[in-house]
Amino acid sequence: MSQRKFVSGEGRETSFERPVAEKAIVQDKTYFLRVKEYPWLSIASLIATLLMWEMVSRMEWVPPLFLPAPSGILVEGWTMVKTGLVFEHIFASLSRILLGFLIACSLGVLVGILIGFYSIPEAVGNPIIAATFPIPKIAILPLLILWLGIGEASKVAVIALGVFFPMVINVYTGVKNVDPLLIKAALSLG
Numbered sequence: 001m002s003q004r005k006f007v008s009g010e011g012r013e014t015s016f017e018r019p020v021a022e023k024a025i026v027q028d029k030t031y032f033l034r035v036k037e038y039p040w041l042s043i044a045s046l047i048a049t050l051l052m053w054e055m056v057s058r059m060e061w062v063p064p065l066f067l068p069a070p071s072g073i074l075v076e077g078w079t080m081v082k083t084g085l086v087f088e089h090i091f092a093s094l095s096r097i098l099l100g101f102l103i104a105c106s107l108g109v110l111v112g113i114l115i116g117f118y119s120i121p122e123a124v125g126n127p128i129i130a131a132t133f134p135i136p137k138i139a140i141l142p143l144l145i146l147w148l149g150i151g152e153a154s155k156v157a158v159i160a161l162g163v164f165f166p167m168v169i170n171v172y173t174g175v176k177n178v179d180p181l182l183i184k185a186a187l188s189l190g
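For the sequence shown, the numbering used here begins at 1 and goes up steadily by one.
1) Near Ser154, what residues of its chain come up, given a Cβ to Cβ distance below 6 Å and the 5 sequence neighbours on each side ignored?
2) Rounded to a whole number of angstroms, what is the C-alpha to C-alpha distance between Leu187 and Val178?
3) Could you give the first and the last residue of the continuous alpha helix (DSSP H) run that contains Phe101?
4) Closest by CA to Met55, which one among Pro68, Ser45, Thr79, Ile43?
5) On the DSSP letters alone, give me the boundaries of the alpha helix (DSSP H) that Tyr172 sits inside.
6) Can you tell me whether Met55 is helix, strand or coil according to DSSP?
7) Can you tell me which of Pro166, Thr30, Ile183 puts its alpha carbon nearest to the alpha carbon of Phe101?
8) Trp61 lies in the alpha helix (DSSP H); which residues open and close that run?
9) For Gly174, does the count of other Cβ atoms within 10 angstroms reach 16, so buried, or fall short, so exposed?
10) Thinking Ala160 and Ala92 are a contact (beta carbons under 8 Å), I'd like their distance in whole angstroms, please.
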């Protein structure tokens, strides 16, 4: 068996030297999302669904409180747009989201840096975060309503909890993955 000498820049294995694997058969999981042959069938099924919904609502097989008719939804939606009420509600929702996001980001970055840099907060914080992160935040809503009331505070708290844990985990991971030499260089350079 002879040893071949390689010139710098020349690969040791090329596609000519080793067998190429056959293309793997990949199942297209999004095929059902693409409409190729019968585009009218998708439109017809959507219209049929809306008509059935309208019929079920109009005949009151399901109470309108639980399943209002699509026509009623459109009429009420247009009324809310004309009066400006929908924009009022959108503004309230966006302000809740922004407030919850800001609270969670500031606390999440702080906690993530603390448990990333220092060993005692890491020893205390990691098990708590690992235990509470998997809990669906909406499942905590009844407790938050009991503690904070049914007003804005409980809604903002659910949003903040939803953002807090991913923020802590990402900041902690980022801090842990920083090269210690870079930190020493930054400290020595001021």
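All C-beta atoms in this analysis are idealised placements derived from N, C-alpha and C, irrespective of residue type, glycine included. Treat the numbers as computed from the prediction; the structure is a model and nothing was measured.
So, to answer that:
1) The residue you call residue 154 lines up with position 154 of the sequence shown. Excluding positions up to five away in sequence, the list reads Leu144, Ile145, Leu148.
2) Looking up residue 187 in the sequence shown gives position 187. Looking up residue 178 in the sequence shown gives position 178. Roughly 14 Å separates the two Cα atoms.
3) Numbered from its first residue, the sequence shown carries residue 101 at position 101. Run containing Phe101: 85-117, per the alpha helix (DSSP H) assignment.
4) For the purposes of this step, residue 55 is taken as residue 55 along the sequence shown, with counting starting at 1. Checking every option, the nearest Cα to that of Met55 belongs to Pro68.
5) As a working mapping, residue 172 is identified with position 172 in the sequence shown. First-last of the alpha helix (DSSP H) with Tyr172: 152-176.
6) Residue mapping note: residue 55 aligns to position 55 of the sequence shown, counting from 1. In the structure shown, Met55 sits in a helix (DSSP, three-state: H, G or I).
7) Residue 101 sits at position 101 when you count from the first residue of the sequence shown. Considering only alpha carbons, the answer is Pro166.
8) As a first step, residue 61 must be located in the sequence shown, where it is residue number 61. It is not in any alpha helix (DSSP H) - Trp61 carries neither H nor E in the DSSP assignment.
9) Here residue 174 is taken as the residue at index 174 of the sequence shown, counted from 1. Only exposed fits Gly174, as fewer than 16 other CB atoms lie within 10 angstroms of its CB.
10) Along the sequence shown, read from residue 1 onward, the residue named residue 160 stands at position 160. Along the sequence shown, read from residue 1 onward, the residue named residue 92 stands at position 92. The distance from the Cβ of Ala160 to that of Ala92 is about 16 Å, inconsistent with a contact at the 8 Å cut-off.
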